[in-house]
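Quick mapping for you: the protein sequence lines, in order, are chains A and B. Using the working numbering, read the first sequence as starting at 1 and increasing by one per residue. Using the working numbering, read the second sequence as starting at 143 and increasing by one per residue. Since the structure comes first, as structure tokens, the remarks are kept for the end.
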Amino acid sequence: MAHQVSVFAENKPGRIEKIARILAEAHINIRAITISSANGFGVVKILVDQPQKAFEVLREQGLPVYLQEVIAVVLEDTPGSLHRVAKVLAENGINVEDAYGFVVERGKAAILVIQVEHEPQAQSVLERNGFTLLSDEEIYRL
Amino acid sequence: MYWEKDVETMPREELYALQTARLQKTIQNAMRTPFYRRLFTQHRIHPEQIKTPEDLKHVPFTTKEDLRQGFPFDFLAVPLEEVVRLHSSSGTTGTPTVIYHTKEDLDRWTNQVARCLYMVGVRKHDVFQNMMSYGLFTGGLGMHYGAERIGALTIPIGAGNTKRQIWFLKHFKSTVIHIIPSYALLLSTIIRGEGLDPRKDFNLRIILLGAEPHSEETRRRIEDIYGAKAYNSYGLSEMNGPGGAFECLYQNGMHIWEDYYIVEIVNPKTLEPCPPGEPGELVLTTIFRDATPILRYRTRDVTALIEEPCPCGRTHRKITRIQGRTDDMFIFRGVNIFPMQVEKVLMGIPEVGSNYRIILERKDYEDTMRVEVEIKPEFFFGDLQKLERLRERIEAELKAEILVTPEVVLVEPGSLPTQEGKAQRVFDYRVL
Ligand SMILES: [Zn+2]
């Protein structure tokens with residue numbers, strides 16, 4: 001099981017810079033970041049090497065922050081691999097609430113981060129179908 | 143339970159007789175001031191004509207502007223050597239207004255405040271941390287002397303300097319504080335930021351809220367944060383200051399001391415008396431003050447009289463919490479809105495933090511109203527849709543209250559400017 005850190009942020013210049021600076025000062029590495037926004041505000045989702053520590057330093061700065069369980073699936077960095085994951089999840093009736101990916105080594109491996117409603121169920125379905133899931137420690141070692 | 147049982151529970155007829163006697167004395171006294179001598183002559187009023195509270199209707203209203211123009215001595219009714227103190231309202235926008243007090247005036251005012259404090263349970267054994275500004279402003283000194291008269295240990299810490307406030311709260315285990323409501327909310331976030339719990343690490347039992355109108359929702363929230371009872375108070379320097387009206391233990395309206403004032407509620411547009419129970423502008427006449435008598439003073443504060451007897455046994459009537467000021471009301475798309483209405487809605491929503499502001503702008507000949515609302519970090523679960531639903535809910539609840547839909551923007555906690563004094567909530571940038 002992996003964790004991501006979600007931060008509430010207003011849509012205005014300097015918000016990402018602030019979050020990145022707080023994390024950099026705490027020597028936390030960002031593996032991936034995504035931003036979704038609506039009327040004047042948004043949620044920044046960050047995958048880091050030390051999620052618990054990131055959560056604490058952001059909270060100390062008074063930011064609304066939440067530590068959330070997500071599934072990090074290892075994919076081959078080749079065409080069609082995303083489709084295989086999506087197909088397995090769809091066939092098992094698992095609804096993906098949010099997803100984003102990043103490449104670890106060009107042409108070799110990518111990580112897909114997914115957020116689903118029933119985490120344990122999704123996890124066992126994916127493992128049964130031969131996918132490798134990463135824990136916080138494994139993400140740390142990336 | 144009463145500081146002065148005979149006066150506080152005086153039958154209404156006797157209270158009326160007392161008011162009549164004191165009014166007659168006040169009118170005689172007012173005739174010693176240049177302002178009222180002029181006013182009575184101009185309007186051909188004979189002082190003997192004004193005998194009962196009903197007769198006051200023949201006297202024109204006195205406004206803040208009159209007080210300003212009467213600077214410095216037009217309202218002074220005693221020789222200056224009899225005056226022992228003056229208080230003055232901030233003169234940031236021109237001439238200040240000044241209220242003078244004789245030694246006896248101060249003694250009566252102190253008694254008035256002691257009466258209020260005793261009513262909500264402040265006793266000799268209490269430690270009273272007075273977090274209002276001392277000096278020309280009446281909030282600090284006024285409450286200070288009342289608390290001392292009861293015999294409470296009174297800490298004249300004054301306003302601001304949040305770290306020191308917290309240090310005193312912690313080390314002297316203050317049981318009573320006197321504080322501006324918006325500052326009470328701000329203070330709590332700083333207390334928590336220092337790793338302290340306002341319910342567990344302090345010994346507060348009574349919170350006196352003053353100097354700023356606030357909603358019932360704000361009061362409940364403050365009580366919840368500090369784990370203490372919070373009481374609303376009302377006062378203005380022209381009418382002495384704190385102690386003018388105060389809630390009793392029933393927390394349902396503020397008793398206004400009718401042995402000190404004659405109370406009227408008028409429609410701010412027509413200046414005619416409002417029917418009983420209907421909100422309007424509070425108009426007060428001092429009847430127990432020598433140095434600066436003021437007749438029919440337009441307070442600009444909007445409230446309503448509660449005529450029903452109070453279960454506490456006091457016969458002095460109550461006013462509802464101040465619903466706004468006739469001069470802080472703003473008009474948006476033709477609708478009259480008091481900032482208090484917005485506050486009431488926001489403070490009733492648990493996900494909303496303690497700070498907010500209202501911004502009015504005009505873009506392309508169209509007015510916009512934006513309400514910026516801080517969210518509480520503990521209600522954030524990383525979910526954008528939930529936030530959007532919260533935003534929509536705030537918009538809908540505001541619309542139900544003020545009848546127009548403002549644009550609601552959620553902002554990060556601590557991102558809106560804070561003030562240690564009265565909070566400015568409305569920023570009107572509309573230019574005609
Ligand atoms: Zn009462």
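Backbone N, C-alpha and C fix where the C-beta goes; we use that ideal spot for every residue, glycine too.
- Nearest C-alpha to residue 389 of chain B among B/550, B/262, B/305 and B/439: B/262.
- Beta-carbon to beta-carbon, residue 150 of chain B and residue 291 of chain B are separated by about 16 Å, too far to satisfy the 8 Å threshold.
- DSSP places residue 513 of chain B in the uninterrupted beta strand (DSSP E) bounded by 508-517.
- Its Cα nearest to that of residue 570 of chain B, the residue B/510 stands out among B/510, B/554 and B/552.
- With a contact defined as Cβ atoms closer than 8 Å, residue 172 of chain B and residue 437 of chain B qualify at about 6 Å.
- Residues of chain B whose Cβ lies closer than 7 Å to the Cβ of residue 36 of chain A are, in chain order, 526.
- In summary, residue 168 of chain B is buried, with 16 or more beta-carbon neighbours lying within 10 Å of its beta-carbon over all protein chains present.
- Here the alpha carbon of residue 386 of chain B sits roughly 9 Å from the alpha carbon of residue 251 of chain B.
- When DSSP states are grouped into helix, strand and coil, residue 397 of chain B belongs to the strand group.
- With a cutoff of 8 Å on beta-carbon distance, residue 20 of chain A and residue 41 of chain A are scored as not near each other.
- Membership of residue 249 of chain B in the alpha helix (DSSP H) is indicated by the continuous run 245-261.
- Of all residues in the segment 550-565 of chain B, the ones placed with a Cβ closer than 9 Å to any Cβ belonging to chain A are 550, 551, 552, 553, 554, 555, 556 and 557, in chain order.
- Of the residues assessed, residue 430 of chain B falls on the buried side of the cut-off, its CB having 16 or more other CB atoms within 10 angstroms.
- Under the three-state reduction of DSSP output, residue 412 of chain B falls in the coil class, being neither helix nor strand.
- Within the same chain, 220, 224, 225, 226, 432 and 433 come within 7 Å of residue 244 of chain B by CB-CB distance, once the 5 residues on both sides are set aside.
- Remark: C-beta atoms of residue 564 of chain B and residue 348 of chain B do not approach each other more closely than 8 Å.
- Around the beta carbon of residue 540 of chain B, 16 or more other beta carbons lie within 10 angstroms, which makes this residue buried.
- In the three-state scheme derived from DSSP, where H, G and I count as helix and E and B as strand, residue 98 of chain A is classed as strand.
- Of all residues, those with a beta-carbon under 7 Å from at least one heavy atom of ligand 1 are B/390, B/392, B/397, B/452, B/453, B/454, B/456 and B/460, reported in chain order.
- In this structure, residue 396 of chain B sits away from residue 426 of chain B, with a CB-CB distance that is not shorter than 8 Å.
- Neighbours of residue 530 of chain B in chain A, taken as residues at a C-beta separation under 8 Å, are given in chain order as 38 and 39.
- Residue 519 of chain B belongs to the set of residues whose beta carbon lies under 8 Å from a beta carbon in chain A.
- Judged by their CB atoms, residue 4 of chain A and residue 35 of chain A are not nearer to each other than the 8 Å cut-off.
- The beta carbon of residue 179 of chain B is closer than 7 Å to those of 173 in its chain, skipping five residues each way along the sequence.
- Here the alpha carbon of residue 340 of chain B sits roughly 21 Å from the alpha carbon of residue 516 of chain B.
- Under the DSSP assignment, residue 479 of chain B falls in the beta strand (DSSP E) whose first and last residues are 477-479.
- The segment 316-332 of chain B makes no contact with the segment 444-463 of chain B; the number of CB pairs closer than 8 Å stays below 3.
- In this structure, DSSP gives residue 286 of chain B a helical state, which the three-state scheme calls helix.
- Between residue 1 of chain A and residue 124 of chain A, the alpha-carbon positions lie close to 11 Å from each other.
- Beta-bridge analysis with DSSP links residue 502 of chain B to B/511 and B/570.
- The C-beta separation of residue 372 of chain B from residue 364 of chain B comes to about 5 Å, placing the pair in contact by the 8 Å criterion.
- For residue 533 of chain B, the nearest beta carbon of chain A is closer than 8 Å to its own beta carbon.
- Note that the C-beta distance between residue 76 of chain A and residue 54 of chain A is not below 8 Å.
- Under the Cβ criterion of 8 Å, residue 569 of chain B is not counted among the residues facing chain A.
- Residue 31 of chain A carries a strand assignment under DSSP once its states are collapsed to helix, strand and coil.
- Closer than 8 Å to the CB of residue 80 of chain A there is not a single CB belonging to chain B.
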